[in-house]
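Trainee: First residue of the sequence shown: 16, per this note's numbering; consecutive thereafter.
For every residue, glycine included, the Cβ atom is placed at its ideal position computed from N, Cα and C.
For reference, the structure I am asking about is given below.
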Amino acid sequence: MVVKSSSLPVALAIDMRETAPAAASQDMYDENAGAKSEGASSIGVPGEIAGLHAAWLRLGKLPWKTLEDDPGLRKVYAPNGTLLKSGGTCYNEELGNSLHAVAEQGAKAFYNGTVGERLIKDVREAGGILTMDDLRNYKVRVTNGVSINIMGYDILGMPPPSSGTVGISLVLNILASYGSLDAVKGPLGLHRLVEALKHMLAIRMDLGDPNFENISKTVSDMLSPSFAKSIKERIFDNTTFPPEYYLHRSNFCSVEPAYGPWTSHFCIVDSARNAVSMTSTVNSQFGSGLLSTSTGIVLNNEMDDFSVPTDLSHDKLPPSPTNFIKPNKRPLSSMSPIIVLKDKQLVGVIGGSGGLDIIPAVIQLVPNVVSFENWTVVDREHIELSEKLKDFLKERGHQLQPKAGGAICQLVVQNLTAAAGLGRKGRGDDVLRGVLTAIIDPRKGGQPAAM
Numbered sequence: 016m017v018v019k020s021s022s023l024p025v026a027l028a029i030d031m032r033e034t035a036p037a038a039a040s041q042d043m044y045d046e047n048a049g050a051k052s053e054g055a056s057s058i059g060v061p062g063e064i065a066g067l068h069a070a071w072l073r074l075g076k077l078p079w080k081t082l083e084d085d086p087g088l089r090k091v092y093a094p095n096g097t098l099l100k101s102g103g104t105c106y107n108e109e110l111g112n113s114l115h116a117v118a119e120q121g122a123k124a125f126y127n128g129t130v131g132e133r134l135i136k137d138v139r140e141a142g143g144i145l146t147m148d149d150l151r152n153y154k155v156r157v158t159n160g161v162s163i164n165i166m167g168y169d170i171l172g173m174p175p176p177s178s179g180t181v182g183i184s185l186v187l188n189i190l191a192s193y194g195s196l197d198a199v200k201g202p203l204g205l206h207r208l209v210e211a212l213k214h215m216l217a218i219r220m221d222l223g224d225p226n227f228e229n230i231s232k233t234v235s236d237m238l239s240p241s242f243a244k245s246i247k248e249r250i251f252d253n254t255t256f257p258p259e260y261y262l263h264r265s266n267f268c269s270v271e272p273a274y275g276p277w278t279s280h281f282c283i284v285d286s287a288r289n290a291v292s293m294t295s296t297v298n299s300q301f302g303s304g305l306l307s308t309s310t311g312i313v314l315n316n317e318m319d320d321f322s323v324p325t326d327l328s329h330d331k332l333p334p335s336p337t338n339f340i341k342p343n344k345r346p347l348s349s350m351s352p353i354i355v356l357k358d359k360q361l362v363g364v365i366g367g368s369g370g371l372d373i374i375p376a377v378i379q380l381v382p383n384v385v386s387f388e389n390w391t392v393v394d395r396e397h398i399e400l401s402e403k404l405k406d407f408l409k410e411r412g413h414q415l416q417p418k419a420g421g422a423i424c425q426l427v428v429q430n431l432t433a434a435a436g437l438g439r440k441g442r443g444d445d446v447l448r449g450v451l452t453a454i455i456d457p458r459k460g461g462q463p464a465a466m
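Given below as structure tokens:
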């Protein structure tokens, strides 16, 4: 979660990423690789309730209890043994009871109370390794957000183990080093974007949890305009290259699958133009495939976002030591909640879902929507490459494959030009209050709302 508030001098980054249980180990999946992505052994220590509570303690205005009034889901997906059809109502009374306990008792109900005890009992009975000590020892990390200035815009985001902001920074700095936005438009611009993404993804492979790995040089490089310029010199307009050309650094890693339907992102802006950008996920479809029957909570499979030494095959990149499992370590992610400012005024709040596809999707949104004001991305029913564009890329050696799905983005943008023209400032402050426009990708079930 990234928060911009008038009460804070800098953006706040709230890291509520799941952690590996204390009993986890680097070789825990050697005998059963499938257990990394499915079942009780794939469950990481949940952090979202603790993170939301930490955010509320620092910046909340409403009573905590009112934040949990929504009854949410009710009994689940197949009452009486019959799978609900589209448009049917799910009932999950146990989840309602759990949310009620959290509303009454705060985060301690989950991390040191009956909700947590019931959840751990269910996980252990299913063969998992989580313990109550894992819940009690979970710590939210609250730090200053990453702030980068590119093309006259300040982009506020998360530090690692989220790779989103530093990845976005590197690619946008590479594109900015061409000297003109026209240089990254059209077929040639798309080729340059693809090449920049390949280099970024290779460099991203040296990232991991900064509390466990020394990633300071990698982060510094990814935020450096001069480093981006050196990467731009490795991009040629007439060709692409085999993977070895990009994987020139010491460490490599497997990357997380492009999960989408089980990740959610929301963007919030208030009347004072304070803003929140937050991504939430259980990782893949129904997380670990387990639901805690006594709490109603769908359990994540976030352990699958770690790299493991045995994850070797011809169709995967080699594993990365900086993202190997260690007790209490957070796995690398591609989540990219960002807030964009210009001259200290809010321009946009952006984020998305879709695993590794999040980063390129958000990268394209920043110039296309925030700067170019190109709205075709949100008002077209179908997005695909033209045959002419496909031929252009194939001529340069790109291998193209049709793909269903991808990243889903949400954003709120503010028209600062109209606000400045109308002089729309609040009394006693310098905050511009322009027209806000909220956009939800129609391929996912969210919708804009105002109150």
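1) Using CA atoms only, rank isn't needed, just tell me which of Ile340, Ser177 and Gly311 is closest to His115.
2) Pop quiz: Pro174 and Leu222 are said to be a contact at Cβ under 8 Å. What is the actual Cβ separation, rounded to whole angstroms?
3) Let me know the secondary structure DSSP gives Asn141 once reduced to three states.
4) Alpha carbon to alpha carbon, how far is Gly62 from Ser303? Give it in angstroms, no decimals.
5) May I have the straight-line CA-CA distance separating Ser245 from Gly363, to the nearest angstrom?
6) In terms of residue numbering, what span does the alpha helix (DSSP H) encompassing Ile250 cover?
7) On the premise that Leu185 lies in contact with Met215, defined as a C-beta separation below 8 Å, what is that separation, rounded to the nearest angstrom?
8) Identify the continuous beta strand (DSSP E) that holds Tyr168 and give its terminal residues.
9) Out of Glu317, Pro36 and Tyr44, state which residue places its alpha-carbon closest to the alpha-carbon of Lys341.
10) Would you mind reading off the limits of the beta strand (DSSP E) that contains Ser215?
11) Look at the alpha carbon of Met293 and the alpha carbon of Ser57, and state the distance between them as a whole number of angstroms.
12) Does the Cβ-Cβ distance between Val60 and Asn343 come in under 9 Å?
13) Does the stretch 368–380 come close enough to the stretch 414–429 to have 3 or more Cβ pairs within less than 8 Å?
14) Taking Cβ to Cβ, would you say Ser349 is nearer than 9 Å to Gly370?
15) If you check the beta carbons only, do Leu431 and Leu447 fall under 9 Å apart?
16) Which residues does DSSP pair with Ile455 in a beta bridge?
17) Jot down the residue ranges of each uninterrupted beta strand (DSSP E) in the stretch 285–322, minimum 3 residues, whole runs only, in chain order.
18) From Gln360, Leu72 and Ile165, pick the residue whose C-alpha is nearest to that of Val284; which is it?
19) Roughly how many whole angstroms lie between the Cα atoms of Trp79 and Arg133?
20) Report all residues from its chain with a CB closer than 7 Å to the CB of Leu212; omit the five preceding and five following residues, and keep chain order.
21) Can you tell me whether Val161 is helix, strand or coil according to DSSP?
22) Quick one: residues in its chain with C-beta nearer than 8 Å to the C-beta of Arg73, no 5 flanking neighbours on either side, listed in chain order?
23) Whole angstroms is fine: what's the gap from Leu150's alpha carbon to Gly121's?
24) According to DSSP, simplified to helix, strand and coil, what is Gln41?
25) Determine the burial state of Glu228: buried for a count of at least 16 other Cβ atoms within 10 Å of its Cβ, exposed for fewer.
26) On the three-state DSSP scale, how would you describe Thr129?
27) Just mark Lys232 as buried or exposed, buried being the case when its beta carbon has 16 or more other beta carbons within 10 Å.
28) Give me the Cα-Cα distance between Pro336 and Val18, rounded to the nearest whole angstrom.
29) Does Gly466 pass the burial test, meaning 16 or more other C-beta atoms within 10 Å, or should it be called exposed?
30) For Leu347, which residues in the same chain have their Cβ closer than 7 Å to its Cβ, ignoring the five residues on either side in sequence?
31) Please return the same chain residues whose Cβ sits closer than 7 Å to the Cβ of Asn188, not counting the five positions on each side in sequence.
32) Given this structure, state the Cα-to-Cα distance separating Ser322 from Ser299, to the nearest angstrom.
Mentor: The structure says:
1) What you label residue 115 is simply residue 100 of the sequence shown in a count that begins at 1. Nearest C-alpha to His115: Gly311.
2) Along the sequence shown, read from residue 1 onward, the residue named residue 174 stands at position 159. Along the sequence shown, read from residue 1 onward, the residue named residue 222 stands at position 207. That pair is no contact at about 10 Å.
3) If you number the sequence shown from 1, residue 141 lands on position 126. Just to set this straight, residue 141 is Ala in the shown sequence, not Asn. Reduced to three states, the DSSP call for Ala141 is coil.
4) Taking the sequence shown and counting its residues from 1, one reaches residue 303 at position 288. Taking the sequence shown and counting its residues from 1, one reaches residue 62 at position 47. So the two alpha carbons sit approximately 16 Å from each other.
5) Numbered from 1 along the sequence shown, position 230 holds the residue referred to as residue 245. Numbered from 1 along the sequence shown, position 348 holds the residue referred to as residue 363. Answer to the nearest angstrom: the Cα atoms are 29 Å apart.
6) By 1-based counting over the sequence shown, the position of residue 250 is 235. Taken as a continuous stretch (DSSP letters only), Ile250 belongs to no alpha helix (DSSP H), as it is neither H nor E.
7) In the sequence shown, residue 215 corresponds to position 200, counting from 1. In the sequence shown, residue 185 corresponds to position 170, counting from 1. Indeed, because the Cβ distance is near 5 Å, the residues count as touching under 8 Å.
8) Numbered from its first residue, the sequence shown carries residue 168 at position 153. First-last of the beta strand (DSSP E) with Tyr168: Tyr168 to Gly172.
9) Counting from 1 along the sequence shown, the entry for residue 341 is found at position 326. Of the listed residues, the one whose Cα sits closest to Lys341 is Pro36.
10) As a working mapping, residue 215 is identified with position 200 in the sequence shown. Reading the sequence as shown, one finds Met at residue 215 and not Ser. Taken as a continuous stretch (DSSP letters only), Met215 belongs to no beta strand (DSSP E), being part of the alpha helix (DSSP H) at Gly201 to Arg219.
11) Sequence index remark: in the sequence shown, residue 293 carries index 278 (1-based). Sequence index remark: in the sequence shown, residue 57 carries index 42 (1-based). One C-alpha to the other measures close to 23 Å.
12) Locating residue 60 in the sequence shown gives position 45, where the first residue counts as 1. Locating residue 343 in the sequence shown gives position 328, where the first residue counts as 1. Yes. Within cutoff.
13) yes
14) One-based indexing of the sequence shown puts residue 349 at position 334. One-based indexing of the sequence shown puts residue 370 at position 355. In contact: Ser349 and Gly370 (Cβ atoms closer than 9 Å).
15) Taking the sequence shown and counting its residues from 1, one reaches residue 431 at position 416. Taking the sequence shown and counting its residues from 1, one reaches residue 447 at position 432. Against a cut-off of 9 Å, the Cβ pair of Leu447 and Leu431 comes out as a contact.
16) Counting from one through the sequence shown, the residue named residue 455 turns up at place 440. DSSP lists Gln425 as partners of Ile455.
17) 290–296
18) Mapped onto the sequence shown, residue 284 falls at position 269. Answer by Cα proximity: Gln360.
19) Along the sequence shown, read from residue 1 onward, the residue named residue 79 stands at position 64. Along the sequence shown, read from residue 1 onward, the residue named residue 133 stands at position 118. Cα-Cα distance, rounded: 23 Å.
20) As a position in the sequence shown, residue 212 is number 197, starting the count at 1. Cβ neighbours of Leu212 beyond the five flanking positions: Val186 and Pro375.
21) In the sequence shown, the residue the question calls residue 161 occupies position 146. If DSSP states are grouped into helix, strand and coil, Val161 belongs with the strands.
22) Taking the sequence shown and counting its residues from 1, one reaches residue 73 at position 58. The answer, listed in chain order, is Leu27 and Val157.
23) Start at 1 with the first residue of the sequence shown, and residue 150 comes out as number 135. Start at 1 with the first residue of the sequence shown, and residue 121 comes out as number 106. Distance between the alpha carbons of Leu150 and Gly121: 14 Å.
24) Counting from 1 along the sequence shown, the entry for residue 41 is found at position 26. It is coil, neither helix nor strand.
25) Walking along the sequence shown from the start, residue 228 turns up at place 213. Classification of Glu228: buried, given that the 10 Å Cβ count is 16 or more.
26) To locate residue 129, count along the sequence shown from 1; it is residue 114. Three-state result, Thr129: helix.
27) Looking up residue 232 in the sequence shown gives position 217. Exposed, by the Cβ-count rule.
28) Against the sequence shown, residue 336 aligns to sequence position 321. Against the sequence shown, residue 18 aligns to sequence position 3. Straight-line Cα distance between these residues: approximately 31 Å.
29) What you label residue 466 is simply residue 451 of the sequence shown in a count that begins at 1. At residue 466 the sequence reads Met, which differs from the Gly that was named. It counts as exposed.
30) What you label residue 347 is simply residue 332 of the sequence shown in a count that begins at 1. Closer than 7 Å at the Cβ level, and outside the excluded window around Leu347, lie Pro176, Ser178, Leu222, Gly223, Asp320 and Asn338.
31) Taking the sequence shown and counting its residues from 1, the one referred to as residue 188 is at position 173. Result list for Asn188: Ile165, Pro240 and Ala243, in chain order.
32) Taking the first residue of the sequence shown as position 1, residue 322 is located at position 307. Taking the first residue of the sequence shown as position 1, residue 299 is located at position 284. So the alpha carbons of these two residues sit roughly 16 Å apart.
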